[in-house]
Amino acid sequence: MSKKILTEHCSTPGIETFEVYRQKGGYAAVEKAVKKMTPEEVVEEVKKSGVRGRGGAGFPMGMKWSFLAKPEGVPRYLVCNADESEPGTFKDHYLMKTIPHLLIEGMIISSYALGANKSFIYVRGELMYVIHILEKAIEEAKAAGFLGKNILGSGYDLELVVQPGGGAYICGEETALLESLEGKRGNPRNKPPFPAVKGLYQSPTVVNNVESIATVSWIINNGGDAYAAVGVGKSTGTKLISASGHINKPGVYEIELGLSCDEFLNSDEYCGGVRTGHRLKAVVAGGSSVPIVPGALFLKNANGEDRLMSYESLSDGGFATGTMLGSGGFIAFDETACIVRNTWNFSRFYEHESCGQCSPCREGTGWMQKVLNRIEHGKGSMSDIDLLVDVSKKIEGNTICPLGDAAAWPVASAIRHFRDEFEWHIQHPLEATKAGAVYTGSVLV
Amino acid sequence: MEDIKPVMFKVTVDGVEVEVAPGTTIIQAARKIGPEVAPPAMCYYEPLKGSGGKCRACLVKVVAGSAKDPRPMPKLVASCITPVQDGMIVENFTSPQVVEARKGVVEFLLLNHPLDCPVCDQAGECHLQDFAFENGTSTTRYEEERRTFEKEDIGPYVQLHMTRCVLCYRCVYTADQITDGRVHGVMGRGDHAEISTYIGRAIDNDFSGNVIDVCPVGALTDKTYRFKNRVWFSKPVDAHCDCDKCCGNVQLWYRGDEVIRVTARKNEWGEVTAFICNTCRFEKKKTSDWVIEGPTKVNRASVISANKYGSNLIKKPDFALKLAESQFKNIDDSRPYVNDMSEIKQSEDYKVLKQINDSYFKK
């Protein structure tokens, strides 16, 4: 069994209640932090741990915290990004509904470290029952003196607010989230200024993912060095992976970063292998927006070395042969999956979720979706493939927020690795549009 | 006492250096140099705070961030929202990457645009026409159906053509910053986002007409001017009046001696210099309402300048003559004449003409 940091107590009955969570050593980190440590010391521990943002970008969390501007007389805010809506990612949902106090505890310590007296948890609107769970947990923590005025007699005040979102993927982008939190239309802001300087209500703000914040209490209890000892290289600690698709055991797994991809896919502790009787065709390693790769390139990189579940190893080979760990939304496809149909499905999602603010993303996502729709339904032409590549290039990097990149990468990578399947769809429209028809020429693992 | 010199930043755009105050954006620095290097802008509008960053027409390449840190910026940046640094080197029209990206932006903006210029009131003064003509290609690769919207009436003065909209948000900022209450905004997301009023309300406000002037395309047009004339057939003159609501400085657009349209004055970047009230814009359509100052200076390259104010007398620039000269070809008169020319060739007139002709086309 590998190290469990976040999910250690998840199977304990009643862990969602304050009493059970407290019995299991919960809120000890809050006591330690607010009574024995200065905010700077907390930031220092998190920096030492090397924990990287778990929302997808993988930016070191301690660094993000130290960038926070601290002008006199201006409030600072901590916002927890719980607007998890990337297709294939459902780890925060699991964490919040199973062990809500872990997030609340992390929020208290993080807010203390950043000097925020009012912090927000922005939860996607579809998860109304999770919002009720979190609100109940906050009430319990408040009753026990861990929240509210003068926490544990330290003189530190904190108010925690749970805010439901309206159900928009774009509000997971941090500046769109802040706009939405302010009650405006969830359009991403132009950067600079970054949220660390001008964020919520034009005040310095830190936006962190649920999983990132949930690691903080363990780091305070056990020290940043202990956290940094887990994992491999610059990918320290553990990561929650939402495994779905054609595997025997879909679910949320906590892995130690640096676990081999082969073990993650095939061991019974995790995914339990590809669906029995089928073979692996392709993998989306970190949520729908990362490049899709053939199964062979997921297990071994282009040089034939084993790939590991870590930020560095998965992105080895760049866009040509690599992918990304992203938010940890692992989706496996076996030989029955149609890559064209799947790419069209992803692009449909991005067309629907584009905010419509900047022209490349607004128009480009719709264009790609329509062309893919044509190819999928047997009305494509060979020039459409190059057209898709060109359109994706013109979106990538030219937009306000990363949604443009997220929409462009799956299409570009699917064509890069599965071009023959697209060509087969175009050249054999009658065959390809039959129900359940799948291209049989793919290299399987 | 020593003079305190204000700190000025040196910026280079397309090889031309300019000194600007800190806090200036790249596009403003480029505009200071001149229209030759100024990036196009479809959404950025200097008088409107917060505008810009959306259309991506003004993307430029920063090849050196500053003198202190001369690393290039990894992505193309929107020049309208990126402040300059001392020693920054920017490539605009000289960068193939920028030219290519801009071609893409033109294509994206025209993707769902109806291209109904022949019936559009904005044609001739449309920023999208200029932008596409200067930076785009003449063909499209788009085969799909263009998006359409349900028609919506947003009031007695302003006509909304949502299909033409490029979602620049200028009218939203205008309503926020110029009028005393915004009733319209952007509804929906992605390529189905649309400008609309809140549950069918009419835009009714003393300064609401300004959304017509800020609209870069024909999405918001003047209902009192609809289908009356093409802009290049009308004559703009500067005029003013005493108005208790606004500055009263306007442009009158004449057809014959009839005022067919009143608009605010614009600078060379197409930005309104002073916003005007609806009374001036929609009600005062008689010459007697105004004090005429004189013809508006119109850019020589603009189609509006065609056939007026002695534009035929304007000396053509040298390069046009040189171009004509370089492409000139002698008429090949070795072809056999169809008619019998022998009689004509005998005439005195022909001989004179031939002489003149030969002297012109000497090799």
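Chains as they are written, first to last, in this note's numbering: chain A, 49 to 493; chain B, 5 to 367.
Ideal placement from N, C-alpha and C gives every residue a C-beta, glycine not left out.
In this text, all values refer to a predicted model and were calculated from it rather than measured experimentally.
Non-local beta-carbon contacts of V22(B) in its own chain, meaning distances under 6 Å to residues more than five positions away in sequence, involve V15, A33, K36 and I37 in chain order. A distance below 8 Å between beta-carbons, with the five flanking residues on each side excluded, links P119(A) to the following residues of its chain, in chain order: P252. Boundaries of the beta strand (DSSP E) harbouring Q163(B): V162 to L164, taken from the DSSP string.
What E148(B) touches in chain A, judged by beta-carbon distance under 9 Å, is G414, W415, K418, V419, N421 and R422, going in chain order.
Cβ-Cβ distances below 7 Å link H425(A) to T481 in the same chain, with the five nearest sequence neighbours on each side left out; the list follows chain order. Distance between F466(A) and P339(A), taken at the CA atoms: about 12 Å.
In chain order, I387, V388, Y487 and S490 place their CB closer than 7 Å to the CB of E469(A), counting only its own chain and leaving out the 5 sequence neighbours on each side. In the three-state reduction of the DSSP assignment, H244(B) falls in the strand class. For the 7 Å CB-CB criterion, F286(B) and T228(B) form a contact. In this structure, the alpha-carbon of G321(A) lies about 24 Å from that of E134(A).
The continuous alpha helix (DSSP H) containing Q133(B) extends over residues H131 to N139. According to the DSSP assignment, M12(B) belongs to no alpha helix (DSSP H), since it is labelled neither H nor E.
The beta carbon of C59(B) sits closer than 7 Å to some beta carbon of chain A. Along the region 90-114 of chain B, the positions whose C-beta sits under 7 Å from a C-beta of chain A are A105, G108, V109, F112 and L113, read in chain order. With respect to A105(A), V258(A) sits apart: the two C-beta atoms are not nearer than 7 Å.
Counting only residues of its own chain and dropping the five nearest sequence neighbours on each side, I463(A) has a CB closer than 7 Å to the CB of I433, L436, V437 and F470.
The beta-carbon distance between I207(B) and V170(B), rounded to whole angstroms, is 19 Å. This is too long to meet the 8 Å contact definition. Only those residues of the region 392-407 of chain A whose C-beta falls short of 9 Å from the nearest C-beta of chain B are listed: Y398, E399, H400, E401, S402, C403, G404, Q405, C406 and S407.
Ranking V221(B), K355(B) and G27(B) by CA distance to the CA of P118(B) puts V221(B) first. Legend: CB atoms of the region 172-201 of chain B lying less than 8 Å from CB atoms of chain A belong to residues Y173, G189, V190, G192, R193, G194, D195, H196 and A197.
G445(A) has a beta carbon lying within less than 7 Å of a beta carbon in chain B. Beta bridge pairing from DSSP links Q211(A) with Y170(A).
Within chain A, not a single residue places a beta-carbon under 8 Å from that of V276(B); the smallest gap is close to 22 Å.
The beta carbon of G215(A) sits closer than 7 Å to those of R172, G173 and E174, all from its chain and outside the five residues before and after it, given in chain order. When secondary structure is reduced to three states using DSSP, E148(B) falls in the coil class, being assigned neither helix nor strand. Residues of the region 62-78 of chain B whose Cβ lies closer than 9 Å to any Cβ of chain A, in chain order: L63 and P78. Between K139(A) and L373(A), the C-beta gap is not smaller than 7 Å, which leaves the two residues out of contact. Here the alpha carbon of A305(B) sits roughly 16 Å from the alpha carbon of K270(B). For the set S309(B), T28(B) and Q89(B), the Cα lying nearest the Cα of R75(B) is the one of Q89(B).
In terms of Cα proximity to H149(A), the closest of L162(A), E67(A), D453(A) and V300(A) is E67(A). Taking 7 Å as the cut-off, the Cβ atoms of C245(B) and I280(B) do not count as close.
V209(A) sits exposed, since fewer than 16 C-beta atoms from the chains shown fall within 10 Å of its C-beta. In this structure, DSSP gives E79(A) a helical state, which the three-state scheme calls helix. Burial state of K112(A) is buried, judged by a 10 Å Cβ sphere holding 16 or more other Cβ atoms. Taking the beta carbon of N116(B) as reference, the chain A residues within 7 Å of it are E411, listed in sequence order. It is roughly 21 Å from the alpha-carbon of E347(B) to the alpha-carbon of D336(B).
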